[in-house]
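Below is one structure, written out as C-alpha cells; comments come after it.
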Amino acid sequence: MTALVIAEHDNSSIKPATLNVVTAAVQCGGDVHVLVAGASAGAAAAAAAQISGVAKVLHVEDAGFAHGLAENMAAQVLAIAAGYTHILFAATASGKNIAPRVAAKLDVGQISDITKVDSPDTFERPIYAGNAIATVQSLDATKVVTVRTTGFDPAAASGGAALVESLSAVAASPKATFIGSEIARNDRPELTAAKIIVSGGRALGSSEKFTEIMTPLADKLGAAMGASRAAVDAGYAPNDWQVGQTGKIVAPQLYVACGISGAIQHLAGMKDSKVIVAINKDPEAPIFSVADYGLEADLFTAVPELVAAL
Amino acid sequence: MKVLVPVKRVVDYNVKVRVKSDGSGVDIANVKMSMNPFDEIAIEEAVRLKEKGVATEVIAVSCGVTQCQETLRTAMAIGADRAILVETTDELQPLAVAKLLKALVEKEQPGLVILGKQAIDDDCNQTGQMLAALCDMPQATFASKVEVVDGKAKVTREVDGGSETISLMLPAVITTDLRLNEPRYVTLPNIMKAKKKQMDIVKPADLGVDVTPHIKTLRVKEPPQRSAGIKVPDVATLVAKLKNEAKVI
Chain D
12 MTALVIAEHD NSSIKPATLN VVTAAVQCGG DVHVLVAGAS AGAAAAAAAQ ISGVAKVLHV
72 EDAGFAHGLA ENMAAQVLAI AAGYTHILFA ATASGKNIAP RVAAKLDVGQ ISDITKVDSP
132 DTFERPIYAG NAIATVQSLD ATKVVTVRTT GFDPAAASGG AALVESLSAV AASPKATFIG
192 SEIARNDRPE LTAAKIIVSG GRALGSSEKF TEIMTPLADK LGAAMGASRA AVDAGYAPND
252 WQVGQTGKIV APQLYVACGI SGAIQHLAGM KDSKVIVAIN KDPEAPIFSV ADYGLEADLF
312 TAVPELVAAL
Chain V
243 MKVLVPVKRV VDYNVKVRVK SDGSGVDIAN VKMSMNPFDE IAIEEAVRLK EKGVATEVIA
303 VSCGVTQCQE TLRTAMAIGA DRAILVETTD ELQPLAVAKL LKALVEKEQP GLVILGKQAI
363 DDDCNQTGQM LAALCDMPQA TFASKVEVVD GKAKVTREVD GGSETISLML PAVITTDLRL
423 NEPRYVTLPN IMKAKKKQMD IVKPADLGVD VTPHIKTLRV KEPPQRSAGI KVPDVATLVA
483 KLKNEAKVI
C-alpha cells in the first residue's frame, strides 16, 4: 500500500497545504511518495524530501508544469498512478482543479474534502457546507481524495530524508495555455489561510463605511477581511471576500463578525472557526448563538473602541 | 456554436438541512428545492454568450428525478432554448453524471460546456473536471470572466490569493465561480414562454451509461454543535477575554 501526494509548490518551496496532505496520507497506512512536477523545481523537490514521513520524492521537470495547468498535471499523475492505492491532493484551488481529471481517467469515484481518515478506504467529509458530516467508503481499488487542510495537522517540514528520483515528463497538452496571473500583492493574509478574519455585514451601510470601520481593525489584528453575502450583494465589499456556503469556507483561530446577523448560509462558512466574536446591536441576531463572545453594541462605536483597546 | 449547461436540483441554499435520526442521510422531504446557485450563473453566462452572438443555442441538461423538469424550466425561463432530462431515481455520483454528460456532448457537439463549480448539497466540485477529462477537453474551473474569440475561450479563473487567465482551444469545459455574473431575475412572461420550449427525456440506459455508485455512504451525522458562549458587557471585557481566556490575540 503506497500513497502518492501531489505537492503544491511555487517551484522553489513547498506550499504549507502539502504538509497537511502528507499527514492524511500517512494515516492511510502505507508508504508516502510525493510528486513534485514543476519547471526548475529542484529546490521544491529538495524541500519535499525533508518532509517528515515521506519515503520518496518523484521530481518531474517540464515547462508545461510551470503554472500547474490541470491537463498537464493530471496526465503526469496518470502516467505514474499504477503503483498507488491512494492519490491525494490538497483541497485547494489547484488540487480541486486536477484531482477529478485523474479520478475520471482511472474510472474511480473521487472523495472530496476529507476531514478524517477512518481506515484506508473510509473517510469523513462535510456535506451541505458542513451542516452534516458523511462517512463514506470508496469501493474502488485506487482512492483519489482531496484533503481539507484544516482537518489535519501539518507534517514537520524537516527531519525527513527521502530519496529524490527524477522521472521523465509527459508531453504538454496544446489545448490549454497560461496567459497571466494577478495574485493580490497586499499585506493581508489570504482569506482561507488567515489566522484571524474580521468580517463585516450589511449593518455597515455603505462601501465607504465598510472600509472606514473595518480596515483599521484588520490592520491592527493583521487579519484578512471578509464579508457577509448581504454586504457583498449590496456592493459594500468585493465578491471574493464573501464568507459562506456559496463563498469561502473559513476556519481561522479568531473570527470577528461585525454587524452580521448570521444567516444560515453565512454560518455554514465560518462556524468551524476556533473562536467567534460577534458585535451586533440586535440581541436576537442568530450570530450570537454560535459566538463564543457576543457584544451587544452599535458597531460604529464598538469597533473603533476595539481598535483603540487592542 | 452550441453551449451545453448542466444544472442540478438541490436543496435551496436558505434551508438548514437536518440529519435523519437513523443516520442514513439528510432529510430532504418537503424542503424547498432550487437550482444550484453556481448552475444559475452558468445558465446566465451561456445566455449572455447567445445574446452577444457567440452562441447559437443554449441547451440545459439535468440528471435526476422527474422533478428536475422544474429546474430545467427555470433554466429555460432564464433563456436556455431547450432542455434534456436524463431521468433516473438512482443515486447519481459525479463520475456517473460526467459519463451521462459525455454521451450528450458526443450527440450535441457543443463548443462549450458551462457548469457550476460545485453543487451545494454534496459539495464535490468534480463533475466539470471529470467531464473535461472523459471528453479529452481542456478546462477552466472557477471562472470569473469568459471571452470567446477566434475559436478560443479566454477565461479568468479564481485561484488561491488572486486570479489567473488561461486560453483554451474549443471545445472546452468551463466551471463558474460566484464572481462571473449576477443571474437575471426570471420574469413571468419568460416563465410562460419556457413552458412551451422543448424538453426531451432520456434514460441512462438509452445513453449506454452505467451509473453504479463508486462510493458508499456509511452514515451521516450532525457536525459537532457549537454552543453559544457568553455576552460581554463592553469592549474592555471582550479584549481581556480574547487575551487571557481564548488566548487568540
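Read top to bottom, the protein sequences are chains D and V. If you read the first sequence in the numbering used here, its first letter stands for residue 12, the second for the next number, and so on. If you read the second sequence in the numbering used here, its first letter stands for residue 243, the second for the next number, and so on. Think of the CB as a built atom: it goes at the ideal place given N, C-alpha and C, for glycine as much as any other residue. It should be emphasised that the depicted structure is a prediction, and the values quoted were computed from it without experimental measurement.
Residue i and residue j closer than 9 Å at C-beta
i, j, result
"D:Ala238", "D:Gln253", "yes"
"V:Ser273", "V:Gly306", "Before going further, note that residue 273 of chain V is Val rather than Ser in the sequence given. In this structure, V:Gly306 does not lie closer than 9 Å to V:Val273 by Cβ."
"D:Val43", "D:Val33", "yes"
"V:Val390", "V:Val296", "yes"
"V:Asn256", "D:Gln87", "no"
"D:Ile260", "D:Gly280", "yes"
"D:Ser23", "D:Ala60", "no"
"D:Val71", "D:Ala180", "yes"
"V:Ser386", "V:Glu400", "yes"
"V:Val451", "V:Leu422", "no"
"V:Pro512", "V:Gln371", "Any answer about residue 512 of chain V is impossible in this case: the structure gives chain V only from 243 up to 491."
"V:Val289", "V:Leu357", "no"
"D:Val209", "D:Leu232", "yes"
"D:Val301", "D:Ala320", "no"
"V:Gly403", "D:Glu201", "yes"
"D:Ile352", "D:Ala168", "In the structure as shown, chain D begins at 12 and stops at 321. Residue 352 of chain D is therefore absent and cannot be evaluated."
"V:Leu291", "V:Ala302", "no"
"D:Ala77", "D:Ala50", "yes"
"D:Ala74", "V:Glu464", "no"
"D:Ala104", "V:Phe384", "yes"
"V:Gly353", "V:Met243", "yes"
Residue of the options minimising C-alpha distance to residue i
i, options, result
"D:Ala110", "V:Gln368, V:Glu348, V:Lys344, V:Ile283", "V:Gln368"
"D:Asn243", "D:Ala320, D:Ala214, D:Val88", "Residue 243 of chain D is actually Val in this sequence, not Asn. Per the Cα distances, D:Ala214."
"V:Val355", "V:Leu334, V:Val300, V:Gly393", "V:Val300"
"D:Pro297", "V:Val481, V:Arg468, V:Ala478", "V:Arg468"
"V:Glu348", "V:Thr308, V:Ala374, V:Gln440", "V:Ala374"
"D:Ala313", "V:Leu334, V:Val481, V:Ala488", "V:Val481"
"D:Ala93", "D:Ile62, D:Thr13, D:Ala77", "D:Thr13"
"D:Phe221", "D:Ala235, D:Ala248, D:Ala57, D:Ile208", "D:Ala248"
"V:Lys341", "V:Ala447, V:Leu484, V:Thr459, V:Asp323", "V:Ala447"
"V:Thr418", "D:Ala143, D:Asn108, D:Ser169, D:Gly120", "D:Asn108"
"V:Val252", "D:Ala308, D:Tyr139, D:Gln121, D:Ala204", "D:Tyr139"
"V:Lys258", "V:Ile362, V:Lys445, V:Tyr427, V:Phe384", "V:Ile362"
"V:Pro475", "D:Pro185, D:Gly305, D:Val65", "D:Gly305"
"D:Ile30", "D:Ala101, D:Ile91, D:His78", "Note that residue 30 of chain D is Leu in the sequence shown, not Ile. Nearest of D:Ala101, D:Ile91, D:His78 to D:Leu30, Cα basis: D:Ala101."
"V:Cys366", "V:Ser304, V:Thr407, V:Ile457", "V:Ile457"
"V:Met275", "V:Lys292, V:Ser263, V:Val249", "V:Val249"
"D:Leu228", "D:Pro263, D:Ile207, D:Arg240", "D:Ile207"
"V:Glu282", "V:Thr479, V:Arg461, V:Gly471, V:Thr316", "V:Thr316"
"D:Thr161", "D:Gly53, D:Asp124, D:Leu80, D:His78", "D:Asp124"
"V:Leu334", "D:Gly120, D:Ser217, D:Thr103", "D:Gly120"
"V:Val453", "V:Val339, V:Lys262, V:Cys310, V:Asn278", "V:Val339"
"D:Leu80", "V:Glu487, V:Gly471, V:Ala382", "V:Ala382"
Distance cut-off 8 Å: residue i Cβ against heavy atoms of the ligand ADP
i, result
"V:Lys445", "Questions concerning the ligand ADP fall outside what the structure shown contains, since it holds no ligand whatsoever."
Legend entry - Chain-ordered residues of the region 107-126 of chain D with a beta carbon less than 9 Å from chain V: Cβ contacts with chain V come from Lys107, Asn108, Ile109, Ala110, Pro111, Arg112, Val113, Ala114, Ala115, Lys116, Asp118, Val119, Gly120, Gln121, Ile122, Ser123, Asp124.
Legend entry - contact_flag[the region 111-122 of chain D, the region 435-447 of chain V] where n(CB pairs < 8 Å) is 3 or more: Judged by Cβ distances under 8 Å, the region 111-122 of chain D makes no contact with the region 435-447 of chain V, as fewer than three pairs qualify.
Legend entry - Under 8 Å (Cβ pairs) to chain D, residues found in the region 250-262 of chain V: In summary, the residues of the region 250-262 of chain V whose CB is separated from some CB of chain D by less than 8 Å are Val253, Tyr255, Asn256, Val257, Lys258, Val259, Val261, in the order they occur in the chain.
Inset, instruction - Select from the region 199-223 of chain D all residues with a C-beta closer than 8 Å to any C-beta belonging to chain V, and list them in chain order. - result: Those residues of the region 199-223 of chain D that come within reach of chain V (Cβ to Cβ, closer than 8 Å) are Glu201, Thr203, Ala204, Ile207.
Inset, instruction - Flag this pair as touching only if the region 286-295 of chain D and the region 144-158 of chain D have three or more C-beta atom pairs under 8 Å; answer yes or no. - result: Contact between the region 286-295 of chain D and the region 144-158 of chain D is absent, because fewer than three Cβ pairs lie under 8 Å.
Inset, instruction - Would you list, in sequence order, the uninterrupted beta strand (DSSP E) runs of no fewer than 3 residues that lie entirely inside the region 394-449 of chain V? - result: Positions of the beta strand (DSSP E) runs, each at least 3 residues long and wholly inside the region 394-449 of chain V, are given as 394-401, 404-411, 414-418, 441-444 in order along the chain.
Inset, instruction - Using a Cβ-Cβ cut-off of less than 9 Å, list which residues of the region 271-285 of chain V approach chain D; keep chain order. - result: Of all residues in the region 271-285 of chain V, Pro279, Phe280 have a Cβ within less than 9 Å of some Cβ in chain D.
Inset, instruction - With 9 Å as the C-beta to C-beta threshold (strictly closer), list the residues of the region 460-476 of chain V near chain D in chain order. - result: Listed by position along the chain: Leu460, Arg461, Val462, Lys463, Glu464, Pro465, Pro466, Arg468, Ser469, Ala470, Gly471, Ile472, Lys473, Val474, Pro475, Asp476.
Inset, instruction - Closer than 9 Å, Cβ to Cβ, to anything on chain D: give me those residues from the region 349-376 of chain V, in chain order. - result: When CB distances to chain D are screened at a threshold of 9 Å, the residues of the region 349-376 of chain V falling below it are Lys359, Gln360, Ile362, Asp363, Asp364, Asp365, Cys366, Asn367, Gln368, Thr369, Gly370, Gln371, Met372, Leu373, Ala374, Ala375, Leu376, in chain order.
Legend entry - Runs of beta strand (DSSP E) wholly within the region 298-334 of chain V (minimum 3 residues, chain order): If only complete runs of 3 or more residues are kept, the region 298-334 of chain V shows the beta strand (DSSP E) at 299-306, 324-329, in order along the chain.
Inset, instruction - May I have a chain-ordered list of the alpha helix (DSSP H) segments no shorter than 4 residues that lie completely inside the region 133-211 of chain D? - result: If we require 4 residues or more, the region 133-211 of chain D turns out to have no alpha helix (DSSP H) run fully inside it.
Inset, instruction - Answer yes if the region 440-454 of chain V comes into contact with the region 216-236 of chain D, meaning at least three C-beta pairs across the two stretches below 8 Å, and no otherwise. - result: With the rule of 3 Cβ pairs closer than 8 Å, the region 216-236 of chain D does not count as touching the region 440-454 of chain V.
Inset, instruction - With 9 Å as the C-beta to C-beta threshold (strictly closer), list the residues of the region 139-153 of chain D near chain V in chain order. - result: If you check each beta-carbon in the region 139-153 of chain D against every beta-carbon of chain V, the ones closer than 9 Å belong to Tyr139, Ala140, Gly141, Asn142, Ala143, Ile144, Ala145, Thr146, Val147, Gln148, Ser149, Leu150, Asp151.
Inset, instruction - Report the residues of the region 402-427 of chain V with a CB closer than 8 Å to any CB of chain D, ordered along the chain. - result: So the list reads Asp402, Gly403, Gly404, Ser405, Glu406, Thr407, Ile408, Ser409, Leu410, Met411, Ala414, Leu420, Arg421, given in the order they occur along the chain.
Legend entry - In chain order, each beta strand (DSSP E) run of at least 3 residues that lies wholly inside the region 226-260 of chain D: Positions of the beta strand (DSSP E) runs, each at least 3 residues long and wholly inside the region 226-260 of chain D, are given as 235-238 in order along the chain.
Inset, instruction - For the region 16-94 of chain D, list the alpha helix (DSSP H) runs that are entirely contained and at least 4 residues long, ordered along the chain. - result: Taking only runs of at least 4 residues, the alpha helix (DSSP H) segments lying wholly in the region 16-94 of chain D are 27-38, 53-61, 81-91.
Legend entry - Short-range partners of chain V found in the region 173-186 of chain D, where Cβ spacing is below 9 Å: Those residues of the region 173-186 of chain D placed with their C-beta closer than 9 Å to a C-beta in chain V are Ser184, Pro185, Lys186, ordered along the chain.
Legend entry - Interface positions of the region 225-236 of chain D facing chain V (Cβ-Cβ less than 7 Å), listed along the chain: Against chain V - using a Cβ distance shorter than 7 Å - the residues of the region 225-236 of chain D are Leu232.
Inset, instruction - For the region 258-284 of chain V, list the beta strand (DSSP E) runs that are entirely contained and at least 3 residues long, ordered along the chain. - result: Within the region 258-284 of chain V, the runs of beta strand (DSSP E) that reach at least 3 residues and sit entirely inside it are, in chain order, 275-277.
Legend entry - Interface positions of the region 259-278 of chain D facing chain V (Cβ-Cβ less than 8 Å), listed along the chain: For the region 259-278 of chain D, which is checked against every Cβ of chain V, the residues closer than 8 Å are Gln264, Leu265, Ala274, Ile275, Gln276.
Inset, instruction - Go through the region 259-312 of chain D residue by residue and report every complete run of the beta strand (DSSP E) that reaches 3 residues or more, in order. - result: Segments of the beta strand (DSSP E) lying fully in the region 259-312 of chain D: 265-269, 286-291, 304-307.
Legend entry - Short-range partners of chain D found in the region 378-390 of chain V, where Cβ spacing is below 9 Å: Of all residues in the region 378-390 of chain V, Asp378, Met379, Pro380, Gln381, Ala382, Thr383, Phe384, Ser386 have a Cβ within less than 9 Å of some Cβ in chain D.
Inset, instruction - Give, in chain order, every residue of the region 436-458 of chain V whose Cβ lies closer than 8 Å to some Cβ of chain D. - result: Of all residues in the region 436-458 of chain V, the ones placed with a Cβ closer than 8 Å to any Cβ belonging to chain D are Pro455, His456, Ile457, Lys458, in chain order.
Inset, instruction - Could you pull out every unbroken alpha helix (DSSP H) segment of at least 4 residues lying fully inside the region 327-378 of chain V, listed in chain order? - result: Whole alpha helix (DSSP H) segments, 4+ residues: 336-350, 369-376.
Inset, instruction - Name, going along the chain, the residues of the region 324-344 of chain V whose beta-carbon falls closer than 8 Å to a beta-carbon of chain D. - result: Within the region 324-344 of chain V, the qualifying residues are Gln335, Pro336, Leu337, Ala340.
Legend entry - Members of the region 296-318 of chain D that neighbour chain V once the beta carbon cut-off is set at 7 Å: Listed by position, the residues of the region 296-318 of chain D near chain V (Cβ gap below 7 Å) are Phe299, Ser300, Val301, Ala302, Asp303, Tyr304, Gly305, Leu306, Glu307, Ala313, Glu316, Leu317.
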